[in-house]
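Following: one structure in structure tokens, then a few remarks.
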Amino acid sequence: MMPLDQLRSQIDTIDEQLLSLLKQRSQVIDTISDIKGELGLPLHCPERERQIINSICSRNPTLYHQLDLICIFRAIFNASLNLQLLKNTKQAG
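Just so you know, the UniProt record's numbering puts 85 at position 85 of the sequence shown, and the rest follows in order with no gaps.
Dropping the structure here:
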């Protein structure tokens, strides 16, 4: 078994990777927000969220319980919507 400090170091590295992926995701969301604005589409798309959740749940390779995984992704969806709303508020103001 690995010592606790080595395992925690691995977690720190994984957390950095997660942050990098979230940064990439936020940049794509920013572009999507622009496109939705140009096309007059609503910012929130519950059907798309359901598709993502269903896909993730059907192939969950993690040890996380399905409900916990859903909560994680719902938090990401909410943060993404907030990012879009904030951008639209700044553009309107």
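Virtual Cβ for every residue (Gly too), placed ideally from N, Cα, C.
Counting pairs of Cβ atoms below 8 angstroms between the region 65-81 and the region 19-34, do you hit three or more?
yes
Take the Cβ of residue 58 as the centre, count every other Cβ of all protein chains shown within 10 Å, and call the residue buried at 16 or more, exposed below.
It is exposed - the Cβ of residue 58 has fewer than 16 other Cβ atoms within 10 Å.
Inter-residue CB distance, residue 40 and residue 88 (contact presumed, cutoff 8 angstroms):
Actually they do not touch by this definition, with Cβ atoms about 12 angstroms apart.
Figure out for me which residue from 67, 44, 43 has the closest Cα to the Cα of residue 54.
67
Using only alpha-carbon positions, find the residue among 74, 23, 69 that is nearest to residue 47.
74
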